[in-house]
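> What follows is a structure written as structure tokens; I'll ask about it next.
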Amino acid sequence: MLAGGLLGVMLAACGGDAAGTVVPAAAHIRVGTRLAADQTLIRALDTMPRSFDPSLLTDVDAQKVTDDLFEGLTTFGLDGSMVPGVASSWEMSADGRNWTFHLRPEARWSNGDPVTAADFVYAWQRQVDPKTGSEYAQALAPIVGAMAIATGHAPVASLGVEAPDAHTVRIALNSPTPYLLYLLADSYMQPVHRATVERWGDDWTRPEHWVSNGPFVLREVIIGNRITLVKNPLYWDAAHVRAPRVIYYPLDTLTQVGRFMAGDIQWASIFANTQYRWLKANLGDQVVIGPYLGISQLAVNMLEPPFAMSRDLRLALNLALDRRVLTEKIGAGVSQPAYSLIPPLPGYRQQEPEWAAWSDERRHAEARRLYAAAGYSAAHPLRVQVDYPTGEDNRDQYDAITAMWLTNLGAQVEPYNEEFRVLLQNLRLHQSLLFQDSWIGDFPDPFTFLQLFQTGFDQNFGAYSDATFDGLLAAAAREADPARRYGYFEQAERRLNEEGASIPIQYYASKHLVKPYLKGWQLNIQDRMVSRYMYLLEHEGQ
Amino acid sequence: MTVLNFLGRRLMIAVPTLLVIATLAFGLLHATPGGPFDSAKQIPPEIKHSIEAKYHLDEPLWRQYLRYLNDLAHGDLGPSFQYRNTSVNELIRAGLPVDAVVGSLALLAALLTGGVVGTVAALRRNGPWDHVPMFFAVLGISVPVFVTGPLLILVFAVRLHWLPSGDWRGGEIRYLILPVTALALPYTAYIARMVRGAAIEVFTSPFIRTARAKGLPTRIVVLRHALRPVLMPLVSFLGPAFAGVLTGSIIIESVFGLPGIGRYFLTGAINRDYTLVVGITVLYGVLIILFNLLADLCYAWLDPRVRLQS
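This is the structure in structure tokens:
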């Protein structure tokens, strides 16, 4: 058995804190700090959330809001690491398959009801129940029975979760799932108030019916304009929540920048890469970028020629790209070049291929050799189309990529952009040969990226299938020891590199504009910065 | 033909027109690749089926179409697909007043400034009072709102801090000034040029020459004799223009963060929110028909030579 408190500390220490000190869970502000009189937080969202029901929502912007409204068994710490939420402690069985969580008795819903183990069991059963129509029920896949229920083959009650008493939750897992603590904090495992959901049906998320258990409650929603949250005085840690109100504005990229510069919002969550240098020159430290748990890569169709049968060709295209030019010249230095699938993760040794360190000349020469070995030449060039979704910074990127293939190999690749949903449909039908395959990890664990190349995985759009690779993932799934598990993942990633399974381009960055007087947040790889910890210093123009 | 008779005939034509609009919008949207509940994450078929059943997307298309028409006939535009538990009627009820306020004010401002500037330019033809305003009018028509909007924000919100950079706040005046100005600019320019052209034509016509020959002062000539014929071309322009601003300017709404219909329409199209997009298209059709009808009635009232015919 592993004590929950200790695990929490380990995760926090893994969170990139070199000194090993534990980051406090709440906004403990130093005595003597001069705070602004009005602590209202004003933040931007990139799109209007489509729902505020944690079991139904799928978009990142909705998650940002529900992170403030609900609290799972675990929750996001100041630095994005996992800290105790409704659960104050937990234990894991030796085989890593059974977890027991102990709920804090003081946790309350915003209507005064105690938050009980049954609330969690209800929320999770609701999440996997096909009748609910949750678009992300498979988030609960590690739990025993979840997928059988979601696909209509088992009753909802068979989900491997139970509430032996009001303050204990037990979860049975299919295999050791070290990232369970991250799943528990996320929207799809946050609790919902059963009586409210059952009384109001879909309308329970309207502000007038609203009941939640997080630091804030929903006060007002104006679609396309603004979402207002107010502090939940019944939240168990309300004493440490500074903001009486949080206002979220869903705004377009350019509009966010204007609003921020006018001082009408304190936090902008996006800007175009092309604006980065100008903003940095004009706003200085208010422009904040950090690593993000996502990769932009190109994948190939493994069912059809030319890529399916030619590893040499895949590698040739891979080696012919100059990532530094793409990230620094085209991308203005916002993102980091990627040579391998998995972004930097705490405790994981990235498996960059040997050629990542080569000089351009040597790499290009090898790319040309592979291109020729695959049977292509100036007289018989590769002619193919690369499909990518229409988007802000994409066009320049693909113009540069195809130009590199033309210059370095003589390959004639045509960039072709399509609306995201159209591209998605083509990918599902395996109609594209070479395409952008971006992925944002659901939790900071290599598995969320590696599964993209697992045989039979839904989002394996290239239909990549390799028994060796699948075997390594299966071995990792059985492994309860974290270090050995990561060892399998490292082997699996190397295998992908050798096979040229994909063409990694860059690791995404999180981009923010933050007023200097807004404190109580830290950059983190999942880009989760909850309002609970934030506060405003005294500043001009209040 | 009486006015009532005229109205009756026009409304009878409106029904099949709207039916065609609704059918085309419905057909085109459903023909577009990608559905409202497609996402990068694949949904288990059973769950997808339960979502689609909720919105009747599992039925054959003809039945969905008939169901939609039936609801439409009862004034129900259906549930929005992208915003869970929100109906299209609700979205339009919330968004239409925003566009109505911003749009009416912008058109009113455009009409007043454009009318005055155009008339003065016509009266002082080929002088500086003509050339300078007409230069700006060409500029106003040529520069798109996605340039003027951010520019206004940059000057008045970011640099001078006189006005907020956007937001709605229930139509508070401070929040209205910039979006109304940005929306009014191209209309002002257009109206000024149109009024100038019409006024020049009217001022040189025999009945004005007669009025002048009788020794009437310019003020009386303009207001009593010239105004009505000058307004004629404006009326046919304002009808569709008003329908246009009522259904929202996507750019103005995005730039200033206004909760109007235009942005719903845009995100609706991207997210394949079938009911929302068809609903707004039908609404636009209704408004166009309505305002064209009003324009025709105004026409008849302004010009005794016009006879109402359908």
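Respectively, the protein sequence lines represent chains A and B.
So the mapping is simple: the numbering used here equals the position in the first sequence, first residue as 1, plus 925.
So the mapping is simple: the numbering used here equals the position in the second sequence, first residue as 1, plus 621.
Ideal Cβ positions, reconstructed from N, Cα and C, are used throughout, including at glycine.
What is the residue span of the beta strand (DSSP E) that I1147 (chain A) lies within?
Unbroken beta strand (DSSP E) run through I1147 (chain A): F1141 to I1147.
> Using a Cβ-Cβ cut-off of less than 7 Å, give me the residues of the region 1174 to 1187 of chain A that come near chain B, in sequence order.
Within the region 1174 to 1187 of chain A, the residues whose Cβ lies closer than 7 Å to some Cβ of chain B are Y1174, L1176, D1177, L1179, T1180, G1183, R1184, M1186 and A1187, listed in chain order.
> Specify whether the region 1240 to 1254 of chain A and the region 1322 to 1329 of chain A touch according to this definition: at least 3 beta carbon pairs, one from each stretch, less than 8 Å apart.
These segments touch.
> Let me know the secondary structure DSSP gives D1406 (chain A) once reduced to three states.
Here D1406 (chain A) sits in coil by DSSP.
> In the DSSP assignment, find the beta strand (DSSP E) that holds G1219 (chain A) and state where it starts and stops.
From DSSP, the beta strand (DSSP E) with G1219 (chain A) extends over V1212 to V1225.
> Would you grab the beta carbon distance between A1193 (chain A) and A969 (chain A) for me? Rounded to a whole angstrom, and I think it's under 8 Å.
A1193 (chain A) to A969 (chain A), Cβ: 5 Å. Contact.
> Give a yes or no on whether the minimum CB-CB distance between A1071 (chain A) and chain B is below 8 Å.
For A1071 (chain A), the answer is no, since every Cβ of chain B falls outside 8 Å of its Cβ.
> Give me the chain A residues within the contact set of F885 (chain B), using Cβ-Cβ distance strictly less than 7 Å, ordered along the chain.
Residue identity differs from the one stated: residue 885 (chain B) is Tyr in this sequence, not Phe. Within chain A, the residues near Y885 (chain B) are G1149.
> In chain A, which residues lie less than 7 Å from P789 (chain B) when you measure between Cβ atoms?
The sequence shown places Trp at residue 789 (chain B), rather than the Pro named in the question. Neighbours of W789 (chain B) on chain A, chain order: N1150.
> Using a beta-carbon distance cut-off of less than 9 Å, what residues from the region 1208 to 1233 of chain A approach chain C?
The chain inventory of the structure shown lacks chain C, comprising the protein chains A and B.
> Report all residues from its chain with a CB closer than 6 Å to the CB of S1083 (chain A); omit the five preceding and five following residues, and keep chain order.
Closer than 6 Å at the Cβ level, and outside the excluded window around S1083 (chain A), lie G1070.
> How would you list, in chain order, the residues of chain A whose beta-carbon sits under 9 Å from the beta-carbon of T888 (chain B)?
Near T888 (chain B) (Cβ distances below 9 Å), the residues of chain A are T972, M973 and G1149.
> Does any residue of chain B have a CB that is nearer than 8 Å to the CB of V1171 (chain A)?
So no, V1171 (chain A) is outside the interface.
> Using a Cβ-Cβ cut-off of 7 Å (strictly less than) and excluding sequence neighbours within five positions of D1321 (chain A), which residues of its own chain qualify?
I1255.
> Looking at chain B, is there any beta carbon in it that lies within less than 8 Å of the beta carbon of S1112 (chain A)?
Not one chain B Cβ lies under 8 Å of S1112 (chain A).
> Which residues of chain B have a Cβ atom closer than 8 Å to the Cβ of Y1442 (chain A), listed in chain order?
Within 8 Å Cβ-Cβ: nothing; Y1442 (chain A) doesn't reach chain B, min ~17 Å.
> Would you call the region 1164 to 1174 of chain A in contact with the region 1035 to 1051 of chain A, where contact means no fewer than 3 C-beta pairs closer than 8 Å?
Contact fails: fewer than three Cβ-Cβ distances are below 8 Å.
> Within 8 Å (strictly less), CB to CB, does D659 (chain B) reach chain A?
Yes - at least one Cβ of chain A is within 8 Å of the one on D659 (chain B).
> A778 (chain B) touches chain A at which residues, Cβ-Cβ below 9 Å?
Those within 9 Å of A778 (chain B) in chain A are G1183, R1184, M1186, A1187, G1188 and D1189.
> Keeping to the same chain, check which residues put their C-beta closer than 6 Å to that of R817 (chain B); ignore five residues upstream and five downstream.
Cβ neighbours of R817 (chain B) beyond the five flanking positions: G739, A742 and A743.
> Would you mind telling me which residues of chain B sit closer than 9 Å to D1127 (chain A), beta carbon to beta carbon, in chain order?
Chain B residues near D1127 (chain A): R705 and N706.
> Please go through the same chain and pick out, in chain order, the residues whose beta-carbon is closer than 7 Å to the beta-carbon of P949 (chain A), but skip the five residues on each side of it.
Because P949 (chain A) carries a pLDDT of 45, less than 50, the predicted location of this residue cannot be relied on, and no value is offered for it.
> Expressed to the nearest angstrom, what Euclidean distance is found between the alpha-carbon atoms of S1013 (chain A) and L1448 (chain A)?
Cα to Cα, the separation comes out at about 25 Å.
> Do you know offhand how far V947 (chain A)'s Cα is from M1017 (chain A)'s?
Model confidence at V947 (chain A) stands at a pLDDT of 38, short of 50, so the residue's coordinates are unreliable and nothing is read from them.
> For E667 (chain B) and T1076 (chain A), what's the separation of their Cα atoms in angstroms?
Each residue's alpha carbon lies about 5 Å from the other.
> How would you label G933 (chain A), buried or exposed, when you count the other beta carbons within 10 angstroms and need 16 or more for buried?
Here the model assigns G933 (chain A) a pLDDT of 32, short of 50, so the residue's position is not dependable, and the following value carries that caveat. Buried, by the Cβ-count rule.
> Can you have a look at W783 (chain B) and say buried or exposed, based on whether 16 or more other CB atoms are within 10 angstroms of its CB?
Counting Cβ neighbours within 10 Å, W783 (chain B) comes out exposed, since fewer than 16 surround it.
> Rounded to whole angstroms, what is the Cα-Cα separation between A951 (chain A) and W1446 (chain A)?
Any reading at A951 (chain A) needs caution, since the residue's pLDDT is 49, under 50, leaving its predicted position unreliable; the model's value is listed next. Rounded to the nearest angstrom, the two C-alpha atoms are 11 Å apart.
> Identify the continuous beta strand (DSSP E) that holds F1360 (chain A) and give its terminal residues.
Where F1360 (chain A) is concerned, the enclosing beta strand (DSSP E) stretches over L1359 to Q1361.
> For the region 1366 to 1373 of chain A against the region 1101 to 1113 of chain A, do three or more pairs of beta-carbon atoms, one drawn from each stretch, fall closer than 8 Å, so that the two count as touching?
Short answer: they touch.
> Taking the alpha-carbon positions, what's the L1377 (chain A) to P1268 (chain A) distance?
Distance between the alpha carbons of L1377 (chain A) and P1268 (chain A) is about 14 Å.
> For N626 (chain B), which residues from the same chain have a beta carbon less than 6 Å from its beta carbon, with the 5 sequence-adjacent residues on both sides left out?
Closer than 6 Å at the Cβ level, and outside the excluded window around N626 (chain B), lies no residue.
> Leaving aside the five residues before and after Y1323 (chain A) along the sequence, list all residues of the same chain whose C-beta is less than 6 Å from its C-beta, in chain order.
Here the set comprises Y1313 and P1340.
> Counting along the chain, where does the alpha helix (DSSP H) carrying A731 (chain B) start and finish?
Run containing A731 (chain B): V709 to L744, per the alpha helix (DSSP H) assignment.
> Applying a beta-carbon distance threshold of less than 8 Å, which residues of chain A neighbour I672 (chain B)?
What I672 (chain B) touches in chain A: G1058 and E1060.
> On the DSSP bridge assignment, give the partners of F877 (chain B) in chain order.
F877 (chain B) pairs with nothing; no bridge assigned.
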